[in-house]
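Visitor:
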Ligand code: FAD
Ligand code: DHB
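Numbering (this note's numbering), first residue to last: 1 to 399.
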């Protein structure tokens, strides 16, 4: 693929944020180059999120990445909490009029890559960005930022009016912003998630988020024959220290209902991994010619299923702002980008923290926190207003 050495928007990273941004910009007639450090196969195979908010579904339809999603994705109207053996159903569709779609991040990314390559890119894999320079200065003809990257052992420079860091939490773009102009907020949780993929039909039609004395468990799915499930485990757990039978036993114990009405379906486990839990926000999400989007700027613990959806929301706001700048010359929306995006980011941070602390149990943790979590779940069970607030946040708030 031929890659120019100048572009309007240089996009670092081809996760959901970078890929979707490149698609939204094409629709506005704005040229971009996407640089991705990993090979295509790696990007397409990383097991990650599974829940798309209705707004995320809408934007994938708008750009034409909907054919497989609409035939193979699974629309869900609700989900259940299993709170110490008692079921509480959250009927999102009845409470808020909209639901979510189960469609794996791997599939979203696969479709976005295929579509982009069909259009001719430029989207370059195995192209690691080492530095972003000339960050400060006005946008436009007065100067460009420089992105340095290596591809096939050769160093290249890409000059761009704007650089968008979509390179995830460990990326390089955030580090290009002078430290004194960034404020960071962080919380690390005293537990991780052990995630599995299994050739087993889902145990129920809807997702189950369980809180039990033994800890949190989540039953999700990837298709009518594939289960995705998670268990709260101690930090630094070695995935190989869990036998497959022990994983199923633990999922069964934590998701069981007191009346015995819930049955876990088991099958061969095909993938096991451990993910730490973190909340993180970098403010502002812009410095000069550099903008941050998605995990490059913020991380949420996965309990609220917000990470991927937040990345999508960021680039929708940014694409509109870039289009306004190119179309009218006005930088008003670009200047507002960070504040606009951060309002949604902090809503998602709060929701994710709420779901996380309500549903996890810290072994030998503070008994006060345990009582608060139990009281919180009782409130969810008894109050429709409370369930509505959860449903609104889970299925996604308007942009
Ligand atoms: P990413 O998807 O991280 O993409 C960043 C891209 O940038 C990567 O492809 C990376 O290779 C590339 N890159 C990095 N550095 C460079 C460089 N120097 N040069 C070029 N390219 C670079 N969310 C949920 O909602 N539910 C979940 O169950 C869930 N599970 C997760 C499990 C794991 C292990 C992780 C890491 C995240 C998980 N998330 C989950 C979060 C969700 O997947 C992310 O929020 C989402 O991927 C964010 O998209 P993004 O495009 O911002 O970043
Ligand atoms: C999945 C992941 C989540 O973090 C979540 O809250 C719900 C579902 C999943 O991978 O399917």
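Glycine included, C-beta positions come from ideal geometry on N, C-alpha and C.
Treat the numbers as computed from the prediction; the structure is a model and nothing was measured.
Compare the C-alpha of residue 56 against each of 99, 266, 255 and name the closest.
Guide: Ranking 99, 266, 255 by CA distance to the CA of residue 56 puts 99 first.
Visitor: Report the CB separation of residue 69 from residue 92 in whole angstroms; it is logged as a contact under 8 Å.
Guide: Residue 69 to residue 92, Cβ: 18 Å. No contact.
Visitor: From the DSSP output, in three-state form, read off residue 242 for me.
Guide: Looking at residue 242 - three-state DSSP - the assignment turns out to be coil, as it is neither helix nor strand.
Visitor: Taking the alpha-carbon positions, what's the residue 373 to residue 10 distance?
Guide: Residue 373 and residue 10 have their C-alpha atoms some 45 Å from each other.
Visitor: Inspect the CB distances between the segment 37–44 and the segment 151–158 and report whether three or more fall short of 8 Å.
Guide: no
Visitor: Please write down, chain order preserved, every residue whose beta carbon lies under 5 Å from a heavy atom of the ligand DHB.
Guide: 50, 51, 220, 228, 302, 305
Visitor: When the distance is taken between beta carbons, is residue 76 closer than 8 Å to residue 207?
Guide: Yes, they are a contact pair.
Visitor: Check whether the segment 263–283 touches the segment 183–194, counting contact only when three or more Cβ pairs, one atom from each stretch, lie closer than 8 Å.
Guide: Touching, yes.
Visitor: In angstroms with no decimal places, state the Cα-to-Cα distance between residue 127 and residue 261.
Guide: 52 Å
Visitor: Pull up the distance between the alpha-carbon of residue 356 and that of residue 363, whole angstroms please.
Guide: 15 Å
Visitor: Can you tell which of 120, 384, 104, 179 has its C-alpha closest to the C-alpha of residue 2?
Guide: 120
Visitor: Could you tell me the distance, in whole angstroms, from the CA atom of residue 188 to the CA atom of residue 279?
Guide: 6 Å
Visitor: Could you check what DSSP says for residue 277 in three-state terms: helix, strand or coil?
Guide: Looking at residue 277 - three-state DSSP - the assignment turns out to be strand.
Visitor: Is residue 37 near the ligand FAD, going by C-beta to nearest heavy atom under 7 Å?
Guide: yes
Visitor: Could you tell me which whole beta strand (DSSP E) segments of length 3 or greater appear in the segment 51–93?
Guide: Listed in chain order, they are 74–76, 78–83, 86–91.
Visitor: Could you check whether residue 162 and residue 8 sit closer than 8 Å to each other, using their CB atoms as the reference points?
Guide: Taking 8 Å as the Cβ cut-off, residue 8 and residue 162 qualify as a contacting pair.
Visitor: DSSP puts residue 335 in a beta bridge; with which residues?
Guide: Paired residue(s): none; residue 335 is not in a bridge.
Visitor: So which of 383, 247, 354 has the shortest CA-CA distance to residue 369?
Guide: 354
Visitor: Figure out for me which residue from 5, 12, 31, 6 has the closest Cα to the Cα of residue 322.
Guide: For the residues 5, 12, 31, 6, the minimum Cα distance to residue 322 belongs to 31.
Visitor: Given this structure, state the Cα-to-Cα distance separating residue 22 from residue 48, to the nearest angstrom.
Guide: 21 Å
Visitor: What span of residues does the beta strand (DSSP E) with residue 320 cover, start to end?
Guide: Premise fails: residue 320 lies in the alpha helix (DSSP H), 307–328, not in any beta strand (DSSP E).
Visitor: Taking three-plus beta-carbon pairs below 8 Å as touching, is the segment 249–269 in contact with the segment 278–294?
Guide: no
Visitor: At a cut-off of 7 Å, is residue 105 close to the ligand FAD when judged by its beta-carbon and the heavy atoms of the ligand?
Guide: yes
Visitor: For my contact list, residue 103 and residue 73 are in at a C-beta cut-off of 8 Å; report their separation, rounded to the angstrom.
Guide: 4 Å
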